[in-house]
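Chemist: Take a look at the following structure, please.
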Amino acid sequence: MQNMVLTPPVPERVRLSQRLARRGFDVTTLLLLPALLFVMVLFVYPAIYGLWLSLHPMNGGGWLANYTAFFSDPYTYDTIFTTLKLAIPVTLVNLLISVPIALRVRHMRYQRMLTTILIIPVTLGTVLTAQGMLNYLGPLGWFNRVLMLLGIIHDPVRLVHDFTGVFLSQIVGGFPFCFMLVLSYVTGIDPSLESAAAMLGAGPFARFRHIILPLLGAGLAITFCLAFVQAFAVFPSAVLLGAPSGPTRVIAIAAFHAAYEEYDYSMGSAVAIIMGAVQIIVVMLVMKASSLLYRGPVAGGKG
Amino acid sequence: MTISAKNFRELRLEGMRRDFGGMNALKDISLTVRRGEFIALLGPSGCGKSTALNCLAGLLPLTGGSIWLDETRIDHLKPEERGFGMVFQNYALFPHMSLRKNIGFGLRMQKLPREVIDAKVEEALALVRLTKQADKLPGQISGGQQQRVAIARAIVVEPPLVLMDEPLSNLDAKLRLEMRAEIRRIHNMIGCSTIYVTHDQDEALSLADRIVVLRDGEMRQVGTPHELYARPAHADVAEFMGYRNILKAQAQSHDGARLRMRVGGAEIAGCAIEATPGRDVIAAMRPEDLTPSEHGPIAASVISAEYRGRDFYGLARTPEGLDLWFRSDIAVRPGEALRLGAPAERVLVYAGGAA
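What follows is the structure, given as structure tokens:
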């Protein structure tokens with residue numbers, strides 16, 4: 002081994018841009034700016050402003066007066082449970098319908114056409130859907146008339162202006178969204194995995210149970226969260242198709258009531274903040290639970 | 220306890236056919252595979268070899284014909300009812316299961332007792348030399364190791380027949396040679412029959428007991444590697460088996476199977492593989508057999524030469540514009556004029572027409 006001459010490290014001048022690039026900031030990072038600006042102006046600022054507003058009650062009484070008022074009156078705090086009772090089943094039902102349909106559609110030749118048909122409810126908008134359902138499912142609508150004509154029922158079934166109406170419209174409106182997400186997760190699973198399972202003696206149910214479901218788990222959790230947040234914010238259909246003062250008095254109605262009927266923006270903001278908090282809690286619970294599931298790649302190898 | 224294939228005598232394909240919307244992907248495939256035999260389905264891409272394999276696996280229904288395992292007809296059975304093993308081109312390992320669970324999957328589907336499953340999985344892991352990695356996920360091991368897991372998973376259920384769909388095509392050259400030997404070793408050890416799809420003639424020649432050459436969905440030739448290498452039955456099979464020089468020629472005189480013919484401006488001798496009724500014939504030569512010699516009948520000039528360590532591999536053009544691939548022991552340079560010749564028994568002659 003030869004002796005090596007050790008030179009002391011030359012203090013090198015590194016330009017600021019190089020130092021930043023080493024930490025992952027370079028010119029392309031600037032491309033984030035428009036989006037960041039957008040988020041700040043349209044989301045972060047309003048959210049902070051809303052929080053600030055909610056902490057300055059209109060009628061005085063300290064910072065938390067709005068919150069104590071909300072949680073001391075069952076008429077207001079019950080809206081949380083009313084909304085959860087609507088949003089959770091709606092989301093679960095939508096997921097449960099989406100998975101089998103997505104599994105079937107994946108192998109279909111006219112996938113695009115079917116997808117388009119399923120997407121139509123989204124493009125129609127809630128109000129038009131609500132209008133249609135009012136006519137179709139109302140006491141004098143086709144649905145009840147046909148059932149009465151066939152002698153299956155004697156008096157019209159109450160389907161609108163009730164929980165059922167809102168529930169159904171939420172399914173119609175939420176399904177396409179759920180379905181598209183689930184379909185993209187399902188098609189992401191390498192079909193050769195299912196073939197491999199079949200070759201190893203797994204029937205359709207075992208293939209679903211051992212291969213599809215575990216690989217779909219994380220995707221289903223995310224779909225649940227997004228669909229739940231959407232369903233939790235239900236407003237138009239709860240007013241139009243439901244009973245806004247009774248069984249479908251959802252939390253958005255409470256916020257609307259406070260802000261635009263009592264003109265108490267501060268209280269309205271407080272309800273909105275509570276609504277957001279409930280959504281975040283549910284989403285966090287679901288994500289926490291899904292972190293126990295497999296989250297890696299869903300392809301079968303290098304190919 | 221040892222892993223060994225279930226007992227059976229033979230697998231028979233009788234007139235197996237598969238159409239895809241008016242196109243015949245497979246035409247009338249008939250073949251008998253004996254127990255323990257290693258069959259390679261060889262052909263260029265699009266020849267129907269993967270279709271044939273999927274039909275055997277049950278992943279694609281047949282359009283016609285039947286498949287028999289001894290006296291049982293199996294072509295109407297679903298893949299999960301056939302009990303064959305399959306190794307996929309992309310391995311298709313379950314990404315969310317450890318190697319141990321991947322390998323044990325088929326045994327768990329058979330609802331075997333746990334101790335039996337554990338023992339067999341352990342044995343399969345040892346067979347593919349992956350005992351140490353057993354608790355890793357497929358994403359954490361290399362491609363060659365994934366390949367071995369895929370093989371272990373297919374054979375641990377002791378299938379009578381193992382289907383392999385170009386299993387080595389995703390590996391690098393060195394690993395491919397190693398895995399080739401490994402596949403043959405495992406095949407011999409468990410005594411199953413293997414049907415191996417490949418487009419690589421070297422792989423087919425080195426692995427198989429018998430090779431089936433497919434082209435456009437048709438069986439062109441079935442034979443031992445030696446038969447296919449030395450005497451391809453048709454010009455297209457010859458081309459696929461490494462006879463890179465496929466030349467149009469005019470027969471001049473016959474002497475039994477021997478014949479003399481004109482290729483461009485040269486007259487060469489060859490032996491006929493099939494009946495050559497017309498004057499138009501096709502001469503097929505391997506580049507290895509066409510070498511420069513002083514009295515070689517074909518005059519040509521070198522276009523390019525590749526150094527391959529032991530020898531040179533070159534492309535030469537005749538004055539008539541025919542391109543010929545040849546081999547040379549001595550260095551050749553582009554532009555150099557030389558004379559090429561091949562021994563008559565290494566020049567295969569086929570009936571002319573389409574070439």
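Protein sequence lines, in the order shown, are assigned to chains A and S.
FYI, our numbering numbers position 142 of the first sequence as 143, with every residue one higher than the one before it.
FYI, our numbering numbers position 137 of the second sequence as 356, with every residue one higher than the one before it.
All residues carry an ideal CB built from backbone N, CA and C; glycine is no exception.
1) Rounded to whole angstroms, what is the Cα-Cα separation between A:Val28 and S:Leu356?
2) For S:Leu356, which residues in chain A fall below 8 Å Cβ to Cβ?
3) Fully enclosed by the segment 365-405 of chain S, which beta strand (DSSP E) runs are 3 residues long or longer?
4) Any beta-carbon of chain S closer than 8 Å to the one on A:Gly247?
5) Which two residues bound the contiguous alpha helix (DSSP H) that contains A:Phe71?
6) Is S:Glu299 close to chain A, meaning its C-beta is less than 8 Å from at least one C-beta of that chain?
7) In terms of residues, what are the limits of the beta strand (DSSP E) holding S:Asp247?
8) Using CA coordinates, which residue listed in S:Val335, S:Ala353, S:Leu326 is at the minimum distance from A:Ala199?
9) Is the separation between the beta-carbon of S:Met305 and that of S:Ala271 shorter than 8 Å?
10) Pick out whichever of A:Gly202, A:Ile98, A:Glu262 has its Cα sitting closest to the Cα of S:Leu296.
11) Tell me which residues of the segment 212-232 of chain A have at least one Cβ-Cβ distance to chain S shorter than 7 Å, keeping chain order.
12) Against chain S, which members of the segment 281-293 of chain A pass a CB distance test of less than 8 Å?
13) So which residues of chain A does S:Pro516 contact, with C-beta pairs closer than 8 Å?
14) Tell me whether the beta-carbon of S:Arg236 lies closer than 8 Å to the beta-carbon of S:Leu245.
15) Taking only beta-carbon positions, decide if S:Pro451 is within less than 8 Å of chain A.
16) Give the straight-line distance between the Cα atoms of A:Ser18 and S:Gly363, rounded to the nearest whole angstrom.
17) Starting from S:Ala276, find everything on chain B with Cβ-Cβ shorter than 9 Å and list it in chain order.
18) Just list the alpha helix (DSSP H) runs in the segment 494-556 of chain S, keeping only unbroken ones of 4 residues or longer that don't cross its boundaries, in chain order.
19) In chain A, which residues lie with their C-beta within 8 Å of the C-beta of S:Met305?
20) Quick one: Cα of S:Gly284 to Cα of S:Gln359, how far?
21) Would A:Gly142 pass as an interface residue toward chain S - the criterion being a Cβ-Cβ separation below 8 Å?
22) Indicate whether at least one CB of chain A lies closer than 8 Å to the CB of S:Ala573.
23) Counting beta carbon pairs with one atom in the segment 412-428 of chain S and one in the segment 335-352 of chain S, are three or more of them shorter than 8 Å?
24) According to DSSP, simplified to helix, strand and coil, what is S:His453?
25) Can you tell me which of A:Val167, A:Ile154, A:Glu262 puts its alpha carbon nearest to the alpha carbon of A:Pro90?
26) Please check the pair A:Val272 and A:Ala256, which I expect to be a contact at CB under 8 Å, by giving their CB distance rounded to whole angstroms.
27) Could you name the residues of the same chain whose beta carbon sits closer than 6 Å to that of A:Val308, not counting the 5 residues immediately before and after it, in chain order?
28) Going by other Cβ atoms of all chains shown within 10 Å of its Cβ, with 16 needed for buried, is S:His445 buried or exposed?
29) Relative to the C-alpha of S:Ser264, which residue among S:Leu534, S:Ala470, S:Phe459, S:Arg546 is closest?
30) If contacts are defined as beta-carbon pairs under 8 Å, then A:Cys179 and A:Ala228 qualify, I think. What distance do you get, rounded to the angstrom?
31) Can you give me the C-alpha to C-alpha distance between S:Leu557 and S:Ala550, rounded to a whole angstrom?
32) Do A:Val279 and A:Thr80 come within 8 Å of each other at the CB atom, strictly closer than that value?
33) Using 8 Å as the limit for Cβ to Cβ distance, is S:Met383 near chain A?
34) Can you pull the chain A neighbours of S:Met328, defined as C-beta to C-beta under 7 Å?
35) Using only CA atoms, which one of S:Phe303, S:Ala563, S:Asp238, S:Asn226 lies nearest to S:Cys490?
36) Give the range of the alpha helix (DSSP H) segment to which A:Cys179 is assigned.
Modeler: Checking against the coordinates, here is how it stands:
1) For this step, residue 28 of chain A is matched to residue 27 along the first sequence. For this step, residue 356 of chain S is matched to residue 137 along the second sequence. Roughly 38 Å separates the two Cα atoms.
2) Counted from its first residue, the second sequence places residue 356 of chain S at position 137. Correct list: Gly297.
3) 380-384
4) Here residue 247 of chain A is taken as the residue at index 246 of the first sequence, counted from 1. For A:Gly247, the answer is no, since every Cβ of chain S falls outside 8 Å of its Cβ.
5) Mapped onto the first sequence, residue 71 of chain A falls at position 70. Its alpha helix (DSSP H) spans residues 66-73.
6) Taking the second sequence and counting its residues from 1, the one referred to as residue 299 of chain S is at position 80. S:Glu299 counts as touching chain A.
7) As a first step, residue 247 of chain S must be located in the second sequence, where it is residue number 28. Its beta strand (DSSP E) spans residues 242-253.
8) Here residue 199 of chain A corresponds to residue number 198 of the first sequence, with the count starting at 1. Comparing Cα positions, the closest option is S:Leu326.
9) Position 86 of the second sequence, counting from 1, holds the residue named residue 305 of chain S. Position 52 of the second sequence, counting from 1, holds the residue named residue 271 of chain S. Not a contact, by the Cβ cut-off of 8 Å.
10) Taking the second sequence and counting its residues from 1, one reaches residue 296 of chain S at position 77. Among A:Gly202, A:Ile98, A:Glu262, the Cα nearest to that of S:Leu296 is on A:Gly202.
11) Ile212, Pro215, Leu216
12) none
13) For the purposes of this step, residue 516 of chain S is identified with residue 297 of the second sequence, where counting begins at 1. The premise fails here: S:Pro516 is roughly 48 Å from chain A at the closest Cβ pair, so nothing lies under 8 Å.
14) Mapped onto the second sequence, residue 236 of chain S falls at position 17. Mapped onto the second sequence, residue 245 of chain S falls at position 26. For S:Arg236 and S:Leu245, yes; Cβs fall inside 8 Å.
15) Taking the first residue of the second sequence as position 1, residue 451 of chain S is located at position 232. Chain A contact via Cβ: absent.
16) For the purposes of this step, residue 18 of chain A is identified with residue 17 of the first sequence, where counting begins at 1. For the purposes of this step, residue 363 of chain S is identified with residue 144 of the second sequence, where counting begins at 1. A:Ser18 and S:Gly363: Cα-Cα distance of roughly 42 Å.
17) Although the question refers to chain B, the structure presented lacks it and instead comprises the protein chains A and S.
18) none
19) For this step, residue 305 of chain S is matched to residue 86 along the second sequence. Near S:Met305 (Cβ distances below 8 Å), the residues of chain A are Ser196, Ala197, Met200.
20) As a first step, residue 284 of chain S is located in the second sequence; it is residue number 65 there, counting from the start. As a first step, residue 359 of chain S is located in the second sequence; it is residue number 140 there, counting from the start. So the two alpha carbons sit approximately 43 Å from each other.
21) The residue you call residue 142 of chain A lines up with position 141 of the first sequence. Closer than 8 Å: no.
22) For this step, residue 573 of chain S is matched to residue 354 along the second sequence. Only weak support exists for where S:Ala573 lies, its pLDDT of 49 falling under 50; the coordinates are left without a value.
23) no
24) To locate residue 453 of chain S, count along the second sequence from 1; it is residue 234. Residue state, collapsed to three classes: coil.
25) Taking the first sequence and counting its residues from 1, one reaches residue 90 of chain A at position 89. Out of A:Val167, A:Ile154, A:Glu262, A:Val167 has the C-alpha closest to the C-alpha of A:Pro90.
26) Along the first sequence, read from residue 1 onward, the residue named residue 272 of chain A stands at position 271. Along the first sequence, read from residue 1 onward, the residue named residue 256 of chain A stands at position 255. Confirmed, Cβ separation roughly 4 Å.
27) Absent from the structure is residue 308 of chain A, since the part of chain A shown begins at 2 and ends at 304.
28) In the second sequence, the residue the question calls residue 445 of chain S occupies position 226. When all chains shown are included, S:His445 counts as exposed.
29) Residue mapping note: residue 264 of chain S aligns to position 45 of the second sequence, counting from 1. Considering only alpha carbons, the answer is S:Phe459.
30) Position 178 of the first sequence, counting from 1, holds the residue named residue 179 of chain A. Position 227 of the first sequence, counting from 1, holds the residue named residue 228 of chain A. Sure, about 5 Å apart at Cβ, within 8 Å.
31) To locate residue 557 of chain S, count along the second sequence from 1; it is residue 338. To locate residue 550 of chain S, count along the second sequence from 1; it is residue 331. One C-alpha to the other measures close to 12 Å.
32) The residue labelled residue 80 of chain A in the question sits at position 79 within the first sequence. The residue labelled residue 279 of chain A in the question sits at position 278 within the first sequence. No, the Cβ-Cβ distance between A:Thr80 and A:Val279 is not below 8 Å.
33) As a first step, residue 383 of chain S must be located in the second sequence, where it is residue number 164. By this cut-off, S:Met383 is not an interface position.
34) Taking the second sequence and counting its residues from 1, one reaches residue 328 of chain S at position 109. What S:Met328 touches in chain A: Leu201, Gly202, Ala203, Ala207.
35) Taking the first residue of the second sequence as position 1, residue 490 of chain S is located at position 271. Minimum Cα distance to S:Cys490 is reached at S:Ala563.
36) The residue you call residue 179 of chain A lines up with position 178 of the first sequence. Element bounds for A:Cys179: 164-188.
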